[in-house]
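In what follows, a structure is listed as structure tokens, so that the remarks can point back to it.
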DNA sequence: CTCCGGAGTTGTACTGTGCAACCAGCAATG
DNA sequence: CATTGCTGGTTGCACAGTACAACTCCGGAG
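Chains as they are written, first to last, in my numbering: chain F, 400 to 576; chain U, 400 to 576.
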């Protein structure tokens, strides 16, 4: 509601400033997105679940991560990651190699097949999103992407570490952060 | 990657324009958000799962929706909604009333207790998000919220109908759409 | 060597979810 | 009115994703 139109019994909390409303909208809309994302992922590319896709994408972006890194980045339990990784390996999409320096850790790499699957799916997603974002001004796209990155980059969110390990910088869409 | 730095073997697809990169970033970051959201919801307010919270929020915003509306809006199966709704009703947070005009449909309403629970949680979330978004300029918040709304409002996403039923307009943060 | 802590795995249980089969009202048609 | 067909909702079933806790394995500090 536009702060001006509070005629019905909606908000008990007074909704102080527009920023508060914005914050709520952000939460709400992000959640809507999340829910729909999973649904559409299933239809769009049954070959790769949204989780798998995401993990693969992460590995493409920053090859040679450890399972723990993924867990931290996505706020997942290590057991979950372990299982996902096992599945991806069984499917031949990634490889696990033990770190010669520390036999506890296993470094993850995309296989060629994994890269291909990922690219196929990325391509499908890209066209879908392209269509969806077709009438957005490029400026808005860049800014939107920047906001999302900025939002997620918030240090308190993922007890990461993450940003200081090997690999080139994150896939930044502009200089926004 | 900033389109300028494609030195490693990452993208097979040439990544034509910056808009493409932005689109991918949007997908990726939205997904990261989604994953973390559920995790943090559990910690932040165990009393209300993210799903429940979302559905309650939807009902607060637009009271008297039908289960089908929720399903459409969130791209959920009607069975899923049915179960969620049952749970919420069991918990005494919402009420189902049969529409006198059509005995098939049941109209959903927040109970007082539901409204309170929702407000409690909203408050917690709001402070958390506030902290997180503390150093954002208000202008950016508004624009971010506007982008998200615009994104989700895309007609192809939810085969909604939704926007033309009773209830006052959606909670719009600015005039953006 | 022993003990501690970190990386991963496995057992278990639960939630969210979809699909398909179903039931129950409405509505149009013969 | 009886038949057919559509729409809203529920239930049975199966499965993915997830967390938590208990465990193994390895490396480092004492």
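Glycine included, C-beta positions come from ideal geometry on N, C-alpha and C. This structure is a prediction, so every number in the text was calculated from the model and none was measured.
Residue i: contacting residues in chain F (beta-carbon distance under 7 Å)
i, result
"residue 497 of chain U", "Chain F residues near residue 497 of chain U: none, gap ~22 Å exceeds 7 Å."
"residue 480 of chain U", "Correct list: empty, because the minimum Cβ distance to chain F is about 11 Å."
"residue 532 of chain U", "422"
Residue j beta carbon less than 8 Å from that of residue i
i, j, result
"residue 454 of chain U", "residue 469 of chain U", "yes"
"residue 446 of chain F", "residue 516 of chain F", "yes"
"residue 472 of chain F", "residue 457 of chain F", "yes"
"residue 434 of chain U", "residue 474 of chain F", "yes"
"residue 452 of chain U", "residue 436 of chain U", "no"
"residue 425 of chain U", "residue 527 of chain F", "no"
"residue 541 of chain U", "residue 428 of chain F", "no"
"residue 493 of chain F", "residue 484 of chain F", "yes"
"residue 553 of chain F", "residue 442 of chain U", "no"
"residue 551 of chain U", "residue 520 of chain F", "no"
Contact set between residue i and chain U, taken where Cβ atoms lie within less than 9 Å
i, result
"residue 501 of chain F", "Residues of chain U passing the Cβ test: none, with the nearest at roughly 24 Å."
"residue 423 of chain F", "456, 521, 524, 525, 528, 544, 570, 572"
"residue 537 of chain F", "416, 417, 418, 421"
Spatial neighbours of residue i in its chain, beta-carbon cut-off 8 Å, leaving aside the 5 residues before and after
i, result
"residue 558 of chain U", "Its pLDDT being 48, under 50, residue 558 of chain U is placed unreliably by the model, and the measurement read from it follows with that caveat. Taken in chain order, the residues that qualify are 471."
"residue 514 of chain F", "459"
"residue 491 of chain U", "510, 512, 513"
"residue 486 of chain F", "451"
"residue 488 of chain U", "494, 495"
"residue 522 of chain U", "none"
"residue 529 of chain U", "none"
Proximal chain U residues relative to residue i, where beta-carbon distance stays under 7 Å
i, result
"residue 426 of chain F", "524, 528"
Cutoff 7 Å; reference residue i; Cβ partners in own chain excluding five residues on either side
i, result
"residue 497 of chain U", "505"
"residue 467 of chain U", "477"
"residue 575 of chain F", "Its pLDDT being 33, under 50, residue 575 of chain F is placed unreliably in this model, and the coordinates cannot settle the point."
heavy atom of the ligand PLP below 7 Å from residue i C-beta
i, result
"residue 452 of chain F", "You won't find the ligand PLP in this model; it holds no ligand whatsoever."
Under 8 Å from the C-beta of residue i: neighbouring residues of chain F
i, result
"residue 429 of chain U", "429, 432, 433, 436, 547"
"residue 506 of chain U", "None at all; the shortest Cβ gap to chain F is about 15 Å."
"residue 469 of chain U", "Under the 8 Å cutoff, chain F gives no residues; its nearest Cβ is about 11 Å from residue 469 of chain U."
"residue 510 of chain U", "Within 8 Å Cβ-Cβ: nothing; residue 510 of chain U doesn't reach chain F, min ~13 Å."
"residue 486 of chain U", "Within 8 Å Cβ-Cβ: nothing; residue 486 of chain U doesn't reach chain F, min ~17 Å."
"residue 449 of chain U", "430"
Contacts around residue i, its chain only, beta-carbon distance under 6 Å, and the 5 residues preceding and following it disregarded
i, result
"residue 565 of chain U", "In this prediction, residue 565 of chain U scores a pLDDT of 41, lower than 50, which makes its location untrustworthy; no coordinate-derived value is stated."
"residue 501 of chain U", "none"
"residue 503 of chain F", "none"
Contact list for residue i against chain F, beta-carbon separation under 9 Å
i, result
"residue 466 of chain U", "In chain order: nothing, as chain F lies at least about 15 Å away."
Problem set entry | Three-pair Cβ contact test at 8 Å for the stretch 521–537 of chain U versus the stretch 421–430 of chain F | yes
Exercise. Three or more beta-carbon pairs under 8 Å between the stretch 451–471 of chain F and the stretch 506–525 of chain F, yes or no?
Worked result: yes
For this session: Run through the stretch 485–562 of chain F for me and flag every whole alpha helix (DSSP H) of 4 or more residues, listed as ranges in chain order.
Result: 511–531, 537–551
Problem set entry | Entirely enclosed beta strand (DSSP E) segments - the stretch 424–498 of chain U, minimum 3 residues | 493–497
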